[in-house]
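Heads up: the sequence shown at position 39 corresponds to 39 in UniProt numbering, and the numbers run straight through without jumps. Glycine is no exception: its CB is placed at the ideal position from the N, C-alpha and C atoms.
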Amino acid sequence: IDSDLFLNYYFIFFREISQRTFVLIQKAMNWTDAREYCRNHHTDLAMMLTEPEARDLWTVKGPHRVWIGMYREPWRWSDNRNSSFKNWRDGQPNNYLAVQYCVFLNLDYTWGDDDCTKMRSFWCQTGDKINYFHRHISNAEYSEFRVWRRNSG
Numbered sequence: 001i002d003s004d005l006f007l008n009y010y011f012i013f014f015r016e017i018s019q020r021t022f023v024l025i026q027k028a029m030n031w032t033d034a035r036e037y038c039r040n041h042h043t044d045l046a047m048m049l050t051e052p053e054a055r056d057l058w059t060v061k062g063p064h065r066v067w068i069g070m071y072r073e074p075w076r077w078s079d080n081r082n083s084s085f086k087n088w089r090d091g092q093p094n095n096y097l098a099v100q101y102c103v104f105l106n107l108d109y110t111w112g113d114d115d116c117t118k119m120r121s122f123w124c125q126t127g128d129k130i131n132y133f134h135r136h137i138s139n140a141e142y143s144e145f146r147v148w149r150r151n152s153g
């Protein structure tokens with residue numbers, strides 16, 4: 001495993017109700033590369049399917065304008081699910097200059113559309129069932145977590 005990989009994790013957020021784990025990746029990537037990274041190391045870019053999930057992520061207070069798993073064809077999640085929950089900021093989506101096909105999360109956890117080639121941090125998710133909590137972790141703790149998760153099936 002690339003040791004630089006661990007330097008890019010900020011914290012992990014677990015949500016028991018949805019049976020998903022959310023991981024904030026601090027390394028900036030374009031939307032397509034972020035989705036590929038999440039699919040290779042987790043499950044996918046984060047998908048907030050309900051308002052409670054969006055509220056829970058809001059309590060974590062990550063960086064401003066991070067990629068999430070929504071894109072336009074029409075607006076859907078990166079696993080091709082339609083989105084019944086939407087949390088657009090006023091005036092969004094606006095597809096400014098007809099190049100804004102990917103969605104980012106604002107600091108207030110409203111959504112905006114933007115050019116998919118912009119470099120941003122991003123939220124990944126996994127489908128693992130783990131109890132709900134969140135806290136900052138060290139690189140060593142994250143490494144231990146990955147071993148535990150892999151061994152617990």
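May I ask you to verify whether the stretch 83–90 touches the stretch 115–128, counting CB pairs closer than 8 Å and requiring at least 3?
Segments in contact, no.
Quick check: what's the CA-CA separation for D115 versus D79?
To locate residue 115, count along the sequence shown from 1; it is residue 115. To locate residue 79, count along the sequence shown from 1; it is residue 79. Using only the alpha carbons, I get a separation of about 20 Å.
Kindly indicate which residue of W77, D108, Y71 has the alpha-carbon position closest to the one of P93.
Taking the sequence shown and counting its residues from 1, one reaches residue 93 at position 93. Its Cα nearest to that of P93, the residue Y71 stands out among W77, D108, Y71.
Within 10 Å of its beta-carbon, does A34 have 16 or more other beta-carbons around it, so buried, or fewer, so exposed?
Within the sequence shown, residue 34 is the residue found at index 34, counting from 1. Burial check for A34: the Cβ neighbour count within 10 Å reaches 16 or more, so the residue is buried.
Please classify E53 as buried or exposed, where buried requires at least 16 neighbouring CB atoms within 10 angstroms.
Position 53 of the sequence shown, counting from 1, holds the residue named residue 53. If you draw a 10 Å sphere on the C-beta of E53, you find 16 or more other C-beta atoms in it, and that means buried.
Beta carbon of C102, beta carbon of A46: below 8 Å?
As a position in the sequence shown, residue 102 is number 102, starting the count at 1. As a position in the sequence shown, residue 46 is number 46, starting the count at 1. Going by C-beta atoms, C102 is not nearer than 8 Å to A46.
Considering just the uninterrupted stretch of the alpha helix (DSSP H) at W31, what are its terminal residues?
Residue 31 sits at position 31 when you count from the first residue of the sequence shown. Counting along the chain, the alpha helix (DSSP H) containing W31 begins and ends at 31–41.
Exposed or buried, what is L97 when buried is set at 16 or more other beta-carbons lying within 10 Å of its beta-carbon?
What you label residue 97 is simply residue 97 of the sequence shown in a count that begins at 1. It counts as exposed.
Along the chain, where does the beta strand (DSSP E) that runs through W88 open and close?
Counting from one through the sequence shown, the residue named residue 88 turns up at place 88. That residue, W88, is in no beta strand (DSSP E); it is neither H nor E in DSSP.
For E73, tell me which candidate among G91, W67, N95 has the shortest Cα-Cα distance.
Here residue 73 is taken as the residue at index 73 of the sequence shown, counted from 1. Check the Cα spacing between E73 and each of G91, W67, N95: the tightest is with N95.
What is the rounded straight-line gap between the Cα of L24 and the Cα of Q100?
The residue labelled residue 24 in the question sits at position 24 within the sequence shown. The residue labelled residue 100 in the question sits at position 100 within the sequence shown. Taking the straight line from one Cα to the other gives about 22 Å.
Quick one: grab the DSSP three-state call for L5.
One-based indexing of the sequence shown puts residue 5 at position 5. Residue placement at L5 is poorly supported in this model, since its pLDDT is 44, which falls under 50; the coordinates still yield a value, given next. L5 carries a helical assignment under DSSP once its states are collapsed to helix, strand and coil.
Quick one: Cα of G64 to Cα of R81, how far?
If you number the sequence shown from 1, residue 64 lands on position 64. If you number the sequence shown from 1, residue 81 lands on position 81. According to the sequence displayed, residue 64 carries His and not Gly. Whole-angstrom Cα-Cα distance: 25 Å.
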